[in-house]
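Working notes for the structure below.
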Amino acid sequence: MKKYLFAFFLASFLIFPTLRAEDTAKATLKLHGMFSDDMVLQRGLPVRVYGTDAAGTKVTVSILEASADAVAGEDGSWSVELPAMKAGGPYEVKVVGSSEAVLKNVLVGDVWICSGQSNMEWPLRNAKNAKEEIEDTVNYPEIRLYKVARRVAGKPMDDMPGKWAVCNPESATGFSAVGYFFGRELYKDIKVPIGLVGTSWGGTPAEAWTTYQTLENMDITKPIIERFQKGLVDFEDKIAAYRKAKEEWEKTRPKGIERYTDPGNKGLEMGWAKPDFDDSKWVDEKVPSKFDSAIDGVIWYRRAVEIPADWAGKDVVLSLGPIDDYDITYLN
């Protein structure tokens, strides 16, 4: 059996939506955002479907000959569990409560989470041979994509916006390149429908993906919780100040420039890499160190080093530490 060391199965969706008590009387049938046309359900495991409706409403969910009932609780939430299914489709999922919803073109196969930072977030449109790869996506309609919208919340959210999409040039261009290529190779190998849930955010730390309770109960992560709580003090005022500063910046930003352009390697043209360049007016910098302010651009360093004579003829490794996004080193 081949091993895939990339992701883990999304066995079932376990977050249950809730409603405020005063809203349940006027609530109508609503499915969690993960349930839509074109979705993929996990094969070989009980199929869990859930959502909200008016309190006390009977909700029936059916797929093929299988069906299950539930009654919406006081908070409006309901959940049903249907028997495990084999890979296949397309099917229709019918949900009847205070109103009726029919989900079409539903497949049963393997569902995977594509989660991580910028490497996972990197879209297919920026991949190597992007044009050809994007055009080729039309050949994989049994791969389905769900891109989780970015949301910041102080506690787990009850729902999330979004919908599944059939893999094609329009839906795949902004999807995770790593996720898509993984799903495509897996599909070629096992020939069952593949659902890919893209949930990634560049630069996010591990604790942002960890439950509050876990961080709170570990001594090593308690300082993170303390910083978080301090950050909530006057939070609305801080947000207002940020928006005001952004508005002021927008006024001074050159019109028509949406992104910075690469000015090229002007430092090389000015001789900054030459051994005899006069760098006496450059600022001394202690490294490694942290910049006083955020920088997104190019920084030049020059450093003189003495290499022992007994190193002659030996292999030498120059270690610069982590580089973002890339570096060029000139050595005389």
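Using our numbering, the letters of the sequence shown correspond one by one to residues 996 to 1327.
Positions of the beta carbon are idealized from the N, C-alpha and C atoms, including for glycine.
Computed from a prediction, not measured in an experiment: that's the story for all the values here.
Closest by C-alpha distance to residue i, when choosing among the options
i: N1100; options: R1139, Y1207, E1069 and K1246; result: R1139
i: K1281; options: G1292, Y1296 and D1305; result: Y1296
i: I1294; options: D1322, T1194 and K1276; result: D1322
i: V1133; options: L1119, N1114, G1104 and A1167; result: A1167
i: S1062; options: T1052, V1090, A1082 and K1081; result: V1090
i: E1060; options: K1053, V1054, S1072 and M1080; result: M1080
i: M1115; options: V1311, G1193 and P1317; result: G1193
N- and C-terminal bounds of the beta strand (DSSP E) containing residue i
i: D1310; result: D1310 -> no beta strand (DSSP E), and no H or E assigned at all.
i: W978; result: There is no way to answer for residue 978, as the model of the chain reaches only from 996 to 1327.
i: G1198; result: It is not in any beta strand (DSSP E) - G1198 carries neither H nor E in the DSSP assignment.
Where the alpha helix (DSSP H) containing residue i begins and where it ends
i: K1142; result: K1142 -> not in any alpha helix (DSSP H); beta strand (DSSP E) instead, spanning I1138 to K1142.
i: S1113; result: S1113 to E1116
i: R1179; result: A1172 to I1185
i: S1166; result: P1164 to A1167
i: G1292; result: Note, G1292: premise wrong, no alpha helix (DSSP H); not H, not E.
i: G1226; result: K1217 to L1227
i: K1126; result: A1125 to D1131
i: T1055; result: T1055 -> not in any alpha helix (DSSP H); beta strand (DSSP E) instead, spanning K1053 to I1058.
i: K1261; result: K1261 to E1264
Assigned exposure category for residue i - 16 Cβ within 10 Å defines buried
i: L1263; result: exposed
i: P1200; result: exposed
i: G1051; result: exposed
C-alpha gap between residue i and residue j, whole angstroms
i: D1018; j: P1151; result: Confidence at D1018 is low in this model, with a pLDDT of 49, below 50, so its placement is unreliable and the value that follows should be read with caution. Spanning the two alpha carbons is a distance of roughly 20 Å.
i: V1097; j: F1170; result: 26 Å
i: W1117; j: A1203; result: 19 Å
i: D1070; j: A1049; result: 9 Å
i: E1211; j: I1220; result: 6 Å
i: P1164; j: V1228; result: 45 Å
i: R1120; j: R1179; result: 16 Å
i: S1074; j: V1161; result: 26 Å
i: R1145; j: K1183; result: 30 Å
Proximity test, Cβ basis, 9 Å: residue i and chain D
i: L1077; result: In summary, chain D is missing from the structure at hand, where a single protein chain is found.
If you pair each beta-carbon of the region 1093-1112 with each one of the region 1172-1179, do three or more pairs fall below 8 Å? yes
Indicate whether the contact test is met: 3 or more Cβ pairs, each with one atom in the region 1080-1088 and one in the region 1030-1043, closer than 8 Å. yes
Does the contact criterion of 3 or more C-beta pairs under 8 Å hold for the region 1026-1033 versus the region 1043-1050? yes
Cβ contact check for the region 1125-1140 and the region 1178-1196: 3 or more pairs under 8 Å: As far as the Cβ criterion goes, the region 1125-1140 touches the region 1178-1196, which means the pair count is three or higher.
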